[in-house]
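First the structure, in the form of structure tokens, and then the observations on it.
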Amino acid sequence: MPTVAWWLLTLPFIAGAFLPLQAGINGQMARQLGSALSAALVSFAVGTLALLCIVLAQRALPSTEAFRNLNWWHLSGGLLGAFFIATAAFAAPRTGALLFMVLVLAGQLAMALMLDHFGWAGFRQAPVSLGKLAGLTLIVGGVWLIQRG
């Protein structure tokens, strides 16, 4: 396997570090607006505007032909993102940052295990192993320990 550039390892780490901060900010906005869904809408509107500015600045608008070639499931990523943001705005203030994020991590790893095993969503196929299952079991054990407080 080729060596991965340092910045490619750093970006996901930084993005992951921002997740609990984003959940907290959106939770506070939900409380201020009186609705987790309204907070998610505002969060997505701001993100959409930021991305639109970047795409326009880079002159990277896709062609209408490229849009026509999308399958329906390509658009589900936006729905999954909306579900996560709304869930974070609702649940994170009630569970606390650590428990919320360890639950998110456990869910991410369980899905990643399935995606790799079956090669779904364009990932290369990599079968489930005992070591991978043991690692996921330890994460779930961590959820239990953290929840116990």
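Quick note on the working numbering: the sequence shown kicks off at 3 and runs consecutively. All C-beta atoms, glycine included, are put in the ideal place defined by N, C-alpha and C. Just so you know, these numbers come straight off a predicted model, no measurement behind them.
Query	Result
By Cβ distance, which residues of its chain are closer than 6 Å to Ala90, with the 5 residues on each side in sequence left out?	Ala25 and Asn28
Can you tell me whether Phe20 is buried or exposed? The criterion is at least 16 other CB atoms within 10 Å of its CB, across all chains shown.	exposed
By Cβ distance, which residues of its chain are closer than 7 Å to Ala112, with the 5 residues on each side in sequence left out?	Leu138
Once you ignore the five residues that flank Pro129 on each side, which residues in its own chain have a CB closer than 7 Å to its CB?	His119
Does the distance from the CB of Ile87 to the CB of Ala52 come in under 7 Å?	no
Under a three-way DSSP split, which group does Asn28 fall into?	helix
Looking at Val104 and Gly144, is the spacing between their C-beta atoms short of 7 Å?	yes
Please go through the region 86-130 and give each complete alpha helix (DSSP H) segment of 4 or more residues, from N-terminal end onward.	99-120
Is Thr5 helix, strand or coil when you go by DSSP?	coil
Helix, strand or coil for Ser37? Go by DSSP, reduced to three states.	coil
Identify, in the order they occur along the chain, each residue of the same chain with its Cβ nearer than 6 Å to the Cβ of Thr5, setting aside the five sequence neighbours on each side.	none
Helix, strand or coil for Leu72, going by three-state DSSP, please let me know.	coil
Can you tell me whether DSSP reads Pro64 as helix, strand or coil?	coil
Applying the 10 Å Cβ sphere with the 16-neighbour rule, what's the burial state of Ser65?	exposed
Nearest-angstrom Cα distance between Trp9 and Ile16?	10 Å
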